[in-house]
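Student: These protein sequence lines are chains A and U, in that order. The working numbering puts the first residue of the first sequence at 215, with every later residue one more than the last. The working numbering puts the first residue of the second sequence at 215, with every later residue one more than the last.
2 protein chains.
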Amino acid sequence: MSGPSGPGKAPGREASPGRVIVNGQTPIAGISPYDRGLQFGDGLFETLVCTKGKVRFLALHLERLARGCERLRINLGDIEPLRRELRAVAAAAGNALIKVIVTRGDAVARGYAASGTEVATRVVFQYPLPSENASAARDGIHVRVSQMRYGENERLAGMKHLNRLEQVLARSEVPAEDAAELLVFSSSGFLVSGTMSNVFLVQNGRVRTPRIDRCGVAGVMRRVVLREAAALGIATEEAALTAADVEGAAEMFVTNARIGIWPVRSLDARTFEIGPVTRRLQGHLAPMLENPVDA
Amino acid sequence: MSGPSGPGKAPGREASPGRVIVNGQTPIAGISPYDRGLQFGDGLFETLVCTKGKVRFLALHLERLARGCERLRINLGDIEPLRRELRAVAAAAGNALIKVIVTRGDAVARGYAASGTEVATRVVFQYPLPSENASAARDGIHVRVSQMRYGENERLAGMKHLNRLEQVLARSEVPAEDAAELLVFSSSGFLVSGTMSNVFLVQNGRVRTPRIDRCGVAGVMRRVVLREAAALGIATEEAALTAADVEGAAEMFVTNARIGIWPVRSLDARTFEIGPVTRRLQGHLAPMLENPVDA
């Protein structure tokens with residue numbers, strides 16, 4: 215396991231201060247060019263927030279990662295060393311943003327087929343925690359509808375896998391200054407998500423979010439919002455949502471593990487009120503985000 | 215540029231004999247874990263055959279690669295150093311299989327958006343040329359229909375990009391002994407390709423292949439087959455093809471830059487004749503595959 219030393223710099227990199235840990239070791243020589251993560255995007259990732267020395271929603275992140283490895287048949291093995299590594303990073307850093315990449319590992323033969331004998335590569339990136347965008351959480355954000363339509367594949371749906379060219383292209387359509395997020399529909403016309411967030415609509419007091427059965431990522435914060443809304447007695451629904459549902463929504467917000475809940479103030483030319491359901495969920499979640507429990 | 219020394223071994227790798235060149239240099243320390251190729255599959259690749267000291271269809275491969283970089287706005291810069299590098303590898307090796315990966319390069323910031331200032335990473339892998347599968351070319355292959363349906367995204371269609379989880383999962387359904395290739399349809403039910411090959415149907419003497427406008431890779435050999443069929447006076451068509459077209463086909467074959475043309479002898483329970491059009495194209499292409507011209 216990596217030592218809990220303070221943040222340093224990856225050699226020769228100015229733009230990404232922080233620390234990187236490969237299979238528990240640092241400094242690193244680099245990733246094998248034969249790694250199937252590079253070759254095919256054959257792997258998964260997680261983005262986790264550490265605050266006050268603890269990893270927010272650690273158990274949920276690791277559960278999703280383990281489930282993704284199962285679906286892709288990636289031999290991650292025991293997840294406990296990773297859990298310990300993340301706890302150690304959090305304890306040492308206090309506040310940090312962590313990205314974990316798990317790939318199937320080095321190719322043992324040419325070609326797409328996995329041999330089943332690959333050994334997973336595990337990379338932990340530590341970044342400074344970006345300062346919270348208080349105005350986004352308070353005043354809401356401007357969102358645009360992407361020109362992109364996500365392809366649909368139920369075999370990939372839900373996983374936070376490394377095939378992210380769609381998100382790269384969608385997010386590159388518009389600079390962040392012009393739209394804090396882009397809303398993306400699927401090739402068959404259903405609402406999916408943002409590029410880095412899940413999306414929720416509120417209508418008649420009910421919280422609705424797209425099903426994640428044909429594309430999209432099953433976000434940790436999405437899961438938390440659905441669970442906590444239910445705990446508050448707010449009706450929730452995972453459904454096939456269309457542009458008409460967006461049109462008819464009284465409130466809209468986007469979520470991810472870093473940002474929590476950002477209300478949508480405007481979508482292209484239309485404006486939304488930041489309504490009572492969004493505010494209630496934000497208020498209810500705030501303590502969980504600020505004071506993570508290690509579970 | 216890398217020296218034309220003989221094949222060696224990547225350090226610590228038993229399973230991939232050969233040579234690997236990163237940005238023209240060898241030996242290599244590894245790929246940066248911040249490379250967007252690993253982070254997001256944000257890049258492209260080519261697989262090229264060298265035989266008799268020359269690279270087969272070098273110009274077509276580099277043209278597709280350059281076009282893909284244009285579409286993804288990857289700053290590959292001048293392609294001539296890569297062309298020289300590949301020629302040098304071919305001249306030194308005589309026979310070899312080369313894989314080229316080009317990624318957008320190291321991330322200059324966290325998140326999906328490309329900054330536009332990234333500098334592409336270029337990796338050249340040299341493998342021994344697999345011995346030709348003479349029986350596949352002569353007697354045809356057994357193919358199965360994959361359970362997978364490829365997602366459709368016109369922004370990605372045609373490119374040989376690094377988001378290949380679909381191919382990994384499809385190819386992993388059935389061992390190579392049980393099916394030399396798997397035929398894959400799209401989420402909306404159209405025939406796309408194999409996992410590593412393009413597919414052609416022959417009906418009433420006409421050669422038909424799926425359009426590459428919503429998914430699939432615009433294969434170099436696909437392009438050569440369409441061009442050479444036309445040169446021979448055989449009618450060709452790129453069309454939206456369905457299972458019914460497959461059903462009604464008299465001949466079927468798959469293509470890629472390494473295998474050339476493999477006739478399909480059987481698809482699940484159905485058998486095909488290896489017909490005159492397939493044989494004529496194989497005969498016509500054979501000299502081009504055996505004696506590449508450097509163009």
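A virtual CB, placed ideally from N, CA and C, is assigned to each residue, including glycine.
#1: Rounded to whole angstroms, how far is the Cβ of E395 of chain A from the Cβ of I355 of chain A, which I believe are closer than 8 angstroms?
#2: Would a C-beta distance cut-off of 9 angstroms place S400 of chain U and R428 of chain U closer than the cut-off?
#3: Strictly below 8 angstroms CB to CB, what residues from chain A border M362 of chain U?
#4: Start and end of the alpha helix (DSSP H) containing H275 of chain U?
#5: Per DSSP, what kind of secondary structure is S480 of chain A in: helix, strand or coil?
#6: DSSP has Y336 of chain A in a bridge; who is on the other side?
#7: So, using beta-carbon positions, are L258 of chain U and V316 of chain U closer together than 9 angstroms?
#8: Can you name the residues of chain A whose CB is closer than 8 angstroms to the CB of M410 of chain U?
#9: Could you say which of A:L499, A:I426, A:L397 lies nearest to A444 of chain A if we only look at CA atoms?
#10: Within this structure, are the beta carbons of I475 of chain U and V416 of chain U separated by less than 9 angstroms?
#11: Pick out whichever of A:V421, A:P490, A:V269, A:P247 has its Cα sitting closest to the Cα of D508 of chain A.
#12: What residues are listed by DSSP as bridge partners for Q417 of chain U?
#13: How big is the Cα-Cα spacing for L455 of chain A and G462 of chain U?
#14: Are the Cβ atoms of R385 of chain U and T409 of chain U separated by less than 9 angstroms?
#15: Alpha carbons only, please: which of A:R472, A:R281, A:A458 is nearest the one belonging to L405 of chain A?
#16: Near P218 of chain U, which residues of its chain fall below 6 angstroms by C-beta distance, leaving aside the five closest residues on each side in sequence?
#17: G291 of chain U to Q381 of chain A, Cα distance in whole Å?
#18: Please classify A393 of chain U: does DSSP put it in a helix, a strand, or coil?
#19: When the cut-off is 9 angstroms and only beta carbons count, does A527 of chain A lie next to chain U?
#20: Work out the CA separation of R278 of chain U and E284 of chain U for me, nearest whole Å.
#21: Of all the residues that make up the segment 423-441 of chain A, which are near chain U by a beta-carbon distance shorter than 9 angstroms?
#22: DSSP on R250 of chain U, reduced to helix/strand/coil?
#23: If we define contact as Cβ-Cβ less than 9 angstroms, is T317 of chain U a contact residue for chain A?
#24: Go through its chain and collect everything with a Cβ distance to L383 of chain U's Cβ below 7 angstroms, but skip five positions before and after it.
#25: At what residues does the alpha helix (DSSP H) containing M466 of chain A begin and finish?
#26: What does D482 of chain A reach in chain U if we use C-beta pairs closer than 8 angstroms?
#27: Step through the CB atoms of chain A and report whether any lies within less than 9 angstroms of the CB of A500 of chain U.
#28: Any beta carbon from chain U within less than 9 angstroms of V468 of chain A's own beta carbon?
#29: Return no unless some Cβ of chain U is closer than 9 angstroms to the Cβ of I245 of chain A.
#30: Is there a C-beta anywhere in chain U that falls below 9 angstroms from the one on H275 of chain A?
#31: Look at G372 of chain A and V434 of chain A and say whether their C-beta atoms are less than 9 angstroms apart.
#32: Run through DSSP, which three-state label would P218 of chain U get?
#33: For L376 of chain A, does the three-state DSSP call read helix, strand or coil?
#34: Please tell me whether G255 of chain A has its Cβ less than 9 angstroms away from any Cβ of chain U.
#35: Just mark R287 of chain U as buried or exposed, buried being the case when its beta carbon has 16 or more other beta carbons within 10 Å.
#36: Evaluate N505 of chain A with the Cβ neighbour count: other Cβ atoms within 10 Å of its Cβ, from every protein chain shown; 16 or more gives buried, anything less gives exposed.
Tutor: Let me spell this out:
#1: 6 angstroms
#2: In contact: S400 of chain U and R428 of chain U (Cβ atoms closer than 9 angstroms).
#3: Ordered by position in chain A, the residues that pass the 8 angstroms Cβ test against M362 of chain U are N367, R369.
#4: For H275 of chain U, the enclosing alpha helix (DSSP H) has its first and last residue at 272-286.
#5: In the structure shown, S480 of chain A falls within a strand segment according to DSSP collapsed to helix, strand and coil.
#6: What sits at residue 336 of chain A in the sequence shown is Arg, not Tyr. Partner(s): A:V316.
#7: For the 9 angstroms CB-CB criterion, L258 of chain U and V316 of chain U form a contact.
#8: G325, Y326
#9: Considering only alpha carbons, the answer is A:L499.
#10: Not closer than 9 angstroms, so no.
#11: A:V269
#12: U:R420
#13: 38 angstroms
#14: yes
#15: A:A458
#16: Here the model assigns P218 of chain U a pLDDT of 32, short of 50, so the residue's position is not dependable and the matter cannot be decided.
#17: 24 angstroms
#18: coil
#19: Any property of residue 527 of chain A remains undetermined from this structure, which presents chain A solely from 215 to 509.
#20: 10 angstroms
#21: R428, C429
#22: helix
#23: yes
#24: M362
#25: Annotation for M466 of chain A: no alpha helix (DSSP H) segment contains it, though the beta strand (DSSP E) segment containing it runs 465-470.
#26: By Cβ distance, chain U contributes nothing, its closest Cβ being about 19 angstroms from D482 of chain A, past 8 angstroms.
#27: Taking a beta-carbon distance threshold of 9 angstroms, A500 of chain U does not count as an interface residue toward chain A.
#28: no
#29: yes
#30: Among the residues facing chain U, H275 of chain A is not included, as its CB has no counterpart in that chain under 9 angstroms away.
#31: no
#32: With a pLDDT of 32 at P218 of chain U, under the threshold of 50, the modelled position of that residue is not reliable, and no figure is offered here.
#33: Assigned with DSSP and collapsed to three states, L376 of chain A falls in coil, not helix or strand.
#34: It does: the Cβ of G255 of chain A has a partner Cβ on chain U nearer than 9 angstroms.
#35: exposed
#36: The residue is exposed, with fewer than 16 neighbouring Cβ atoms inside 10 Å.
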